[in-house]
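Numbering (the working numbering), first residue to last: 86 to 181.
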């Protein structure tokens with residue numbers, strides 16, 4: 086099964102997260118640009134597409150982090166510093 090078609094236009098797949106409606110994600114670039122968005126705002130595409138742009142990177146800039154942010158209503162957030170682009174979805178961080 087092909088999940089995402091890559092090309093010169095969109096580059097290689099560097100991360101994938103499993104998310105649910107209502108959740109938010111945060112993307113972090115190598116120059117410190119942060120993009121936080123709800124998954125409900127991301128266009129849903131069928132399989133075997135080239136996807137949608139979530140962050141625009143400048144020349145030489147790279148995606149260095151992506152993470153799922155739990156609802157602020159629950160008070161649970163996943164620490165982004167522990168996740169890089171190749172990190173698996175895993176379970177949210179435990180409360181302390």
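Built from N, CA and C at the ideal position, the CB exists for glycine as well.
As assigned by DSSP and simplified to three states, the class of residue i
i           : result
residue 129 : coil
residue 149 : strand
residue 120 : strand
residue 154 : strand
residue 107 : coil
residue 92  : strand
residue 115 : coil
Cross-strand partners of residue i (DSSP beta bridge)
i           : result
residue 144 : In DSSP, residue 144 forms no bridge with anything.
Burial state of residue i (16 or more Cβ within 10 Å)
i           : result
residue 139 : exposed
residue 119 : exposed
residue 96  : exposed
residue 145 : exposed
Beta-carbon contacts of residue i that lie in its chain and below 8 Å, excluding the five residues immediately before and after
i           : result
residue 92  : 135
residue 116 : 143, 146
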